[in-house]
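Protein chains in written order, with my numbering: chain A, 104 to 229; chain B, 3 to 550.
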């Protein structure tokens with residue numbers, strides 16, 4: 104699980120706002136894996152392949168790599184199907200978390216408004 | 003198994019509680035008829051809707067063993083089949099109000115461009131009605147349920163004097179409107195059954211944007227609160243919950259005299275008697291009931307001497323294209339919830355420029371999901387990882403625009419629902435087999451749909467999210483099934499007359515989407531309501547004058 108956490112942290116790291124690990128995305132993904140044996144297997148083999156790539160390229164396990172090397176590793180494997188899947192789930196988990204949606208993106212919807220003003224920018228009107 | 007028979011003979015039994023069944027119950031009870039409604043589920047409780055549950059609270063609640071209302075019926079309870087290698091994603095809600103609990107609320111009037119399409123292009127049969135026949139009913143429906151929108155009349159999209167004020171467009175919608183205008187395409191105010199002010203005792207929208215989870219205050223039309231509850235106040239409506247209808251029953255002359263159903267949970271068989279049967283179980287389930295209603299007098303299913311029932315299944319083909327408009331990149335995030343879904347609509351225009359198309363019929367366009375929404379699922383399509391990726395998502399987030407063209411699928415005799423005696427559900431009733439394919443006409447129309455959406459985005463100087471222009475979408479996902487028990491003037495080529503009454507069996511009416519002669523490019527619910535009102539006005543007249 105340390106390897107999965109390292110991947111998730113590489114996809115969306117902590118910056119001036121919380122990252123995907125801060126937002127609980129590892130737990131979000133684990134809950135998904137519990138529900139699907141196929142997905143779990145995809146993750147097992149996918150993580151093992153990335154870990155093997157880390158060892159052959161950098162001589163260290165994925166979890167032990169520094170941020171820069173992890174980023175280089177993911178970038179080199181961007182087209183791998185597993186990488187697309189873990190990226191998709193990280194995006195889903197992070198941008199529906201309170202940290203990702205409200206702190207990072209600034210969403211402040213699903214509330215009660217008496218009036219909806221819509222676009223008020225004079226330059227957008229026709 | 004012991005079969006119990008209720009001795010009472012009801013004036014009318016209605017199968018289904020959605021838009022069609024709710025309208026029939028409301029209109030008939032207020033005209034003095036005693037109505038029994040059979041609902042495959044039960045009433046949903048608004049106080050239990052998850053309208054105001056935030057996205058991050060959903061997994062927490064589910065982990066704690068809580069569930070939102072189970073609107074959608076599962077495939078174990080309600081199985082259906084598709085041929086090997088094909089798909090048809092059928093969405094059904096069993097319970098009071100049916101799909102109107104969670105519907106998209108787009109409320110577009112059909113025009114004579116739709117009603118006369120077959121006269122112009124010769125494809126299949128014409129509708130037996132014209133806009134002038136249904137217009138008074140559109141007016142009445144607009145006034146009853148409350149539809150917000152523009153009154154800008156178009157030949158492809160009639161306006162209404164009775165629309166409530168439309169909500170202001172969001173920034174992204176405004177920019178698309180301007181961009182489309184620059185290339186000669188007109189985007190107008192949408193027409194949606196959402197209350198932008200209090201209406202007929204129903205609360206106004208509070209702009210939370212969570213309509214897809216059901217509205218906790220009932221600020222958009224749903225059949226339960228707007229039709230069935232008022233019908234109860236007449237004292238002439240009775241509803242049996244969890245009644246899963248199997249067949250329409252007939253007497254020795256082949257006239258309908260009742261309905262056979264099974265209790266959803268105990269699976270016990272029941273029968274009820276009625277002078278008139280109204281079928282309103284939504285297109286595919288209604289059709290399955292009719293095809294399963296076989297008898298000596300109706301060996302091919304009730305009312306099906308023409309062999310059209312089950313055929314001509316049509317819906318809409320659609321696509322989803324996304325982009326980011328430059329004016330809003332990195333802009334302050336606004337609350338873009340509005341009435342949930344789009345505030346603008348692009349009416350069909352391909353008949354107007356005089357250029358002959360290599361396909362028949364047309365398409366319109368919806369714009370749900372423009373602006374700041376409660377996820378960023380599109381971000382998986384952006385390249386890269388890390389802090390740069392995160393920054394690129396944040397910059398694009400307020401600038402998202404979404405384009406969803408919907409095009410008419412032609413009626414084809416072989417796009418078809420059938421049943422087989424050997425293939426049954428847990429109630430022992432044959433299940434529907436849905437054989438549906440898009441064809442050449444749809445593929446050609448899709449090309450122009452993709453080109454039009456891309457042209458608007460290019461005119462807006464938007465960055466376009468990558469898309470596959472050969473992708474035809476998944477059949478069924480528009481959730482607009484039609485035409486499998488179509489109306490028409492010729493009893494040899496249609497099952498119903500213009501009042502949704504069977505040609506073969508005068509005391510059976512089919513009032514949902516199955517009755518439509520064509521699909522058109524428009525969302526059907528408003529027209530279902532208008533047709534069901536018109537049909538039940540006619541039915542009440544026939545019953546009062548003892549012709550039925």
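Where is the CB? At the ideal position from N, CA and C, for every residue including glycine. Because the structure is a prediction, the values reported are computed rather than measured.
Query, Result
"Whether residue 102 of chain B touches residue 150 of chain B by CB criterion (8 angstroms)", "no"
"Residues sharing a beta bridge with residue 230 of chain A, DSSP", "Past the boundaries of the shown model lies residue 230 of chain A; chain A is included only from 104 to 229, so the question cannot be answered."
"Proximity of residue 26 of chain B and residue 436 of chain B at Cβ, strictly below 8 angstroms", "no"
"Between the CA atoms of residue 472 of chain B and residue 283 of chain B - distance to the nearest angstrom", "34 angstroms"
"C-beta neighbour in chain B for residue 177 of chain A, strict 8 angstroms", "yes"
"Proximal residues, the stretch 216-242 of chain B versus chain A, C-beta separation under 8 angstroms", "none"
"Nearest-angstrom Cα separation, counted from residue 422 of chain B out to residue 249 of chain B", "14 angstroms"
"Chain-order list of residues whose beta-carbon lies under 7 angstroms from that of residue 299 of chain B (same chain, five-residue window excluded)", "252, 256"
"Rounded C-alpha distance that separates residue 173 of chain A from residue 166 of chain A", "9 angstroms"
"Boundaries (first-last residue) of the beta strand (DSSP E) holding residue 368 of chain B", "365-368"
"Range of the contiguous beta strand (DSSP E) that encloses residue 277 of chain B", "271-281"
"Euclidean distance between Cα positions of residue 353 of chain B and residue 466 of chain B", "27 angstroms"
"Extent of the continuous beta strand (DSSP E) to which residue 242 of chain B belongs", "239-242"
"Distance between beta carbons of residue 324 of chain B and residue 404 of chain B, contact taken as under 8 angstroms", "5 angstroms"
"Any chain B beta carbon closer than 8 angstroms to residue 200 of chain A", "yes"
"Min CB distance residue 170 of chain B to chain A below 8 angstroms", "yes"
"Of the listed residues A:104, A:113, A:137, nearest to residue 65 of chain B (C-alpha basis)", "A:137"
"Below-8 angstroms beta-carbon distance, residue 161 of chain A vs any chain B residue", "no"
"Beta-carbon neighbours of residue 182 of chain A, restricted to chain B and to distances below 9 angstroms", "None at all; the shortest Cβ gap to chain B is about 10 angstroms."
"Neighbour flag for residue 148 of chain A against chain B, beta carbons, 8 angstroms", "no"
"For residue 122 of chain A and residue 109 of chain A, the rounded distance between their alpha carbons", "12 angstroms"
"Buried/exposed call for residue 215 of chain A, threshold 16 Cβ in 10 Å", "exposed"
"Cβ neighbours of residue 191 of chain B in the same chain (closer than 6 angstroms, five flanking residues each side left out)", "151, 152, 168"
"Top-ranked residue by Cα proximity to residue 126 of chain B, from B:41, B:514, B:491", "B:491"
"Simplified DSSP state of residue 1 of chain B, which is helix, strand or coil", "With chain B represented from 3 up to 550, any question about residue 1 of chain B goes unanswered, as that position is not in the structure."
"Alpha-carbon spacing of residue 113 of chain B relative to residue 130 of chain B, whole angstroms", "14 angstroms"
"Pick from B:486, B:360, B:418 that is closest to residue 448 of chain B, judged by C-alpha positions", "B:360"
"Where the stretch 334-349 of chain B meets chain A: residues whose CB sits under 9 angstroms from a CB there", "334, 335, 336, 337, 338, 339, 340, 341, 345"
"Sheet register partners of residue 32 of chain B (DSSP bridge)", "None, per the DSSP bridge assignment."
"Cutoff 7 angstroms; reference residue 224 of chain B; Cβ partners in own chain excluding five residues on either side", "99, 102, 103"
"C-beta atoms of residue 204 of chain A and residue 155 of chain B nearer than 8 angstroms", "no"
"Reduced DSSP category for residue 290 of chain B - H, G, I as helix; E, B as strand; rest coil", "helix"
"Run of the alpha helix (DSSP H) containing residue 131 of chain B, from where it starts to where it stops", "From DSSP, residue 131 of chain B is part of no alpha helix (DSSP H); its letter is neither H nor E."
"Residue 316 of chain B - partner residues in DSSP beta bridges", "B:484"
"Residue ranges of each alpha helix (DSSP H) within the stretch 409-461 of chain B, 4 or longer", "442-461"
"Contact with chain B by residue 207 of chain A, beta-carbon distance below 8 angstroms", "yes"
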